[in-house]
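Trainee:
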Ligand code: SF4
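Chains as they are written, first to last, in my numbering: chain A, 815 to 1009; chain B, 25 to 494.
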């Protein structure tokens, strides 16, 4: 997994609450056996009109935000379906960081497992960041847990220490867990099974 | 020291190790997989030369994109090439990794959250995971059950454990008896309406109270199913005699070990002095049949209510989301829910696709006719549910009334198969999500109970079940 350290990129404001994974990646893109190539499905029902043409009103279709790698979102971002296809699509589009007052839990874990930083910030800070998302570049620094706006204002965000370490290292959970195979086997020997 | 909750106890009983970063390694007793969320996980195992650690603790089904007709023809019945490839890949992965599978068309196959309980695989005290958010359903048996992502699916396949962090404890007490016309679905929707779709965030919920005790296992499954819609990690109901009676004799239930197992299961409950981080009380005595009006399950109200004015919400974010929802749903503030003309009806899903749900819907449909402009579909949650319903003659009740009687699967709950609603169509649905585009791009979903959905089909519009005196 690609480690996350710092990111300098354009941020797109998406202030609504409860943006669900059905919106982030609609179900018509789930029938794949691959992790890649999902960018075209990202927010597809909003990015594209039914005739396939771009919806010029959607934020990610507006000039400065087309290349956004940061989203400034509302409460409970990523709620709904557990589809990891949602973070895969975000990643494929180029998004590496989402800032929101809160995230749905499965989505949050899925982000961490794909090297995307889900930064939690106060609602007031998110509003401020959204207002300053004018197409200029923000700087996100994970080790100091700070975001600097294009105008140079600095804000903090929270992330739990274990997940932070994992993102910084780009660590792979399966490899780590397999180091504990003996403990797993020991647990299995004392596990009660009814037949 | 204060006592422990049921969640605390199950958690502690499954701890393999605790990492320095605070993540627990939790042992998984049952891992359910299906065609959509697993191919990349098996591909990851293959690429790393890994095997499935405990294939016998893993069960695979095909449910999300299977068609609801002609399943006997096998994968050739799947018209869409990428959906077909997913189902074929599931079969190959199950074979290559030695995982048991109920393939499409197998009488035991069906929606993963219907199959686990009815096969007796879902048992009290277990840790159960699946790459699907509605895994919370299995909590109805007093199991800790929750959804995970595909990377985590791969982790569980490879290690039979999951890295997880302990959530907070929430007690939700449903007081009193719901009046006629209201049941498990209304209880679940009422809670979401009360605490909001993020209200359970960071918690595992235990559902308790008189109204929960009085629910059937089917009703408890519905209640736990909708847990994820309030944002909680999992929901559970402590096992009782009803739980044991439901399990006894099912294929996956203990046989010689039944006495030991059931006496252990009887001990699974929260201590009287357990410490709760959050307690929520829901009054069931004033419950009405509920219907969602928006694009999020918290946007819900009694059938007798009017569509609220977005301006009436104090929170500006809720205002904005109500405005957008009404626009999408083609509704205006002040409009009555009752009487709203509908185009489609979907009875099914892991929320309400079990035998009791079909019995309730059939009791409304019996001797009546679906309104001529409505297309109504009944999709049993599994092959077993379908067979049971046919044995009881429910299929004939439905078809005589003009409902389509389909083969099992997720179907129009998410429209990954050909069962989709068209843009602008208004759907009365027993599923659990009314998100934009969920049942088809531009489709307008109203969530409700099976009896309410059946009545909507007959009337051709949203109608109040209580007018029938039930
Ligand atoms: S029925 Fe619907 S909610 Fe349930 S597992 Fe299938 S798609 Fe998900």
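The beta-carbon is built from N, C-alpha and C at its ideal position, and this holds for glycine as well.
Select from B:490, B:465 and B:223 the residue whose C-alpha is nearest the C-alpha of residue 841 of chain A.
Mentor: Of the candidates B:490, B:465 and B:223, the one whose C-alpha sits nearest the C-alpha of residue 841 of chain A is B:465.
Trainee: Name the residues in the region 860–894 of chain A whose C-beta lies less than 9 Å from a C-beta of chain B; which are they?
Mentor: Cβ contacts with chain B: 860, 864, 888, 889, 890, 893 and 894.
Trainee: With distances taken from CA atoms, which of A:943, A:917, A:968 and A:939 is nearest residue 254 of chain B?
Mentor: Nearest option by C-alpha distance: A:917.
Trainee: With a threshold of 8 Å between beta carbons, is residue 1009 of chain A in contact with chain B?
Mentor: Yes, residue 1009 of chain A lies at the interface with chain B (some Cβ there is under 8 Å from its Cβ).
Trainee: Using a Cβ-Cβ cut-off of less than 9 Å, list which residues of the region 827–853 of chain A approach chain B; keep chain order.
Mentor: For the region 827–853 of chain A, which is checked against every Cβ of chain B, the residues closer than 9 Å are 829, 830, 831, 832, 834, 835, 836, 837, 840, 841, 842, 844, 845, 846, 847, 848 and 849.
Trainee: Under 9 Å, CB to CB, which of the residues in the region 434–459 of chain B have a partner in chain A?
Mentor: So the close ones are 438, 439, 440, 447, 457 and 459.
Trainee: Less than 7 Å separating the Cβ of residue 1021 of chain A from some heavy atom of ligand 1?
Mentor: Absent from the structure is residue 1021 of chain A, since the part of chain A shown begins at 815 and ends at 1009.
Trainee: Are the beta-carbon atoms belonging to residue 49 of chain B and residue 185 of chain B less than 8 Å from one another?
Mentor: Yes, Cβ-Cβ distance for residue 49 of chain B and residue 185 of chain B is below 8 Å.
Trainee: Taking 8 Å as the cut-off, does the region 181–200 of chain B touch the region 31–45 of chain B (at least 3 CB pairs, one atom from each stretch)?
Mentor: The region 31–45 of chain B vs the region 181–200 of chain B: in contact.
Trainee: Going by other Cβ atoms of all chains shown within 10 Å of its Cβ, with 16 needed for buried, is residue 938 of chain A buried or exposed?
Mentor: By the neighbour-count rule (16 or more Cβ atoms within 10 Å), residue 938 of chain A is not buried but exposed.
Trainee: Quick check on DSSP: helix, strand or coil for residue 528 of chain B?
Mentor: No answer is possible for residue 528 of chain B: the residues shown for chain B start at 25 and end at 494.
Trainee: Looking at the structure shown, is residue 839 of chain A part of a helix, part of a strand, or coil, going by DSSP?
Mentor: Coil.
Trainee: Quick test of your reading: residue 406 of chain B and residue 134 of chain B, contact by CB under 8 Å. State the CB separation rounded to the nearest angstrom.
Mentor: That pair is a contact at about 2 Å.
Trainee: Tell me whether residue 267 of chain B sits in a helix, a strand or coil according to DSSP, three-state version.
Mentor: Looking at residue 267 of chain B - three-state DSSP - the assignment turns out to be helix.
Trainee: Pick helix, strand or coil for residue 904 of chain A, following the three-state DSSP scheme.
Mentor: DSSP places residue 904 of chain A in helix when its eight states are reduced to three.
Trainee: Report the neighbours of residue 156 of chain B on chain E: residues whose CB is nearer than 7 Å to its CB, in chain order.
Mentor: The chain labelled as chain E is not found among the protein chains of the depicted structure, namely A and B.
Trainee: Could you compute how far the alpha carbon of residue 197 of chain B sits from the alpha carbon of residue 313 of chain B?
Mentor: Their Cα atoms are separated by approximately 19 Å.
Trainee: Would you be able to state if there are at least three C-beta pairs under 8 Å between the region 199–208 of chain B and the region 237–250 of chain B?
Mentor: Touching, per the Cβ criterion.
Trainee: Measure from the alpha carbon of residue 85 of chain B to the alpha carbon of each residue in B:302, B:177, B:136 and B:280, then state which is nearest.
Mentor: For residue 85 of chain B, the nearest C-alpha among the options comes from B:136.
Trainee: Rounded to whole angstroms, what is the Cα-Cα separation between residue 988 of chain A and residue 72 of chain B?
Mentor: Near 10 Å, if we compare the C-alpha coordinates of residue 72 of chain B and residue 988 of chain A.
Trainee: Give every residue of the same chain whose Cβ lies closer than 6 Å to the Cβ of residue 156 of chain B, excluding the five residues on either side of it in the sequence, and list them in chain order.
Mentor: Here the set comprises 171.
Trainee: Does any heavy atom of ligand 1 sit closer than 7 Å to the C-beta of residue 893 of chain A?
Mentor: No; taking the cut-off as 7 Å, the Cβ of residue 893 of chain A has no heavy atom of ligand 1 nearer than that.
Trainee: Starting from residue 916 of chain A, find everything on chain B with Cβ-Cβ shorter than 8 Å and list it in chain order.
Mentor: Near residue 916 of chain A (Cβ distances below 8 Å), the residues of chain B are 222 and 225.
Trainee: Can you find at least 3 beta carbon pairs, one from the region 409–425 of chain B and one from the region 290–297 of chain B, that sit closer than 8 Å?
Mentor: With the cut-off at 8 Å, the region 409–425 of chain B and the region 290–297 of chain B do not touch.
Trainee: Could you compute how far the alpha carbon of residue 81 of chain B sits from the alpha carbon of residue 55 of chain B?
Mentor: When rounded, the distance between both Cα atoms is 6 Å.
Trainee: When burial is assigned at 16 or more other CB atoms within 10 Å of the CB, is residue 46 of chain B buried or exposed?
Mentor: The residue in question, residue 46 of chain B, is exposed, as its Cβ has fewer than 16 Cβ neighbours within 10 Å.
Trainee: Span of the alpha helix (DSSP H) holding residue 390 of chain B?
Mentor: Note, residue 390 of chain B: premise wrong, no alpha helix (DSSP H); not H, not E.
Trainee: With respect to the beta strand (DSSP E) encompassing residue 553 of chain B, which residues constitute its N-terminal and C-terminal limits?
Mentor: What the structure shows of chain B is the stretch from 25 to 494, and residue 553 of chain B is not part of that stretch, so it cannot be assessed.
Trainee: Do you know whose CA, among B:350, B:150 and B:388, lies nearest residue 285 of chain B's CA?
Mentor: The shortest Cα separation from residue 285 of chain B among B:350, B:150 and B:388 belongs to B:150.
Trainee: According to DSSP, is residue 476 of chain B helix, strand or coil?
Mentor: The answer is helix: DSSP assigns residue 476 of chain B an H, G or I state.
Trainee: Taking the continuous alpha helix (DSSP H) assigned at residue 140 of chain B, which residues delimit it?
Mentor: Where residue 140 of chain B is concerned, the enclosing alpha helix (DSSP H) stretches over 136–142.
Trainee: Apart from the five residues just before and just after residue 971 of chain A, which ones in its own chain have a Cβ nearer than 7 Å to its Cβ?
Mentor: Correct list, in chain order: 913, 933, 934, 935, 959 and 961.
Trainee: Under 8 Å, Cβ to Cβ, is there at least one residue of chain B near residue 1001 of chain A?
Mentor: So, interface residue.
Trainee: List, in chain order, every chain B residue whose beta-carbon is nearer than 8 Å to that of residue 992 of chain A.
Mentor: In chain order: 182 and 183.
Trainee: Looking at chain B, which residues of the region 930–946 of chain A have a Cβ within less than 9 Å of any of its Cβ atoms?
Mentor: Listed in sequence order: 937.
Trainee: Taking the continuous alpha helix (DSSP H) assigned at residue 329 of chain B, which residues delimit it?
Mentor: It is not in any alpha helix (DSSP H) - residue 329 of chain B carries neither H nor E in the DSSP assignment.
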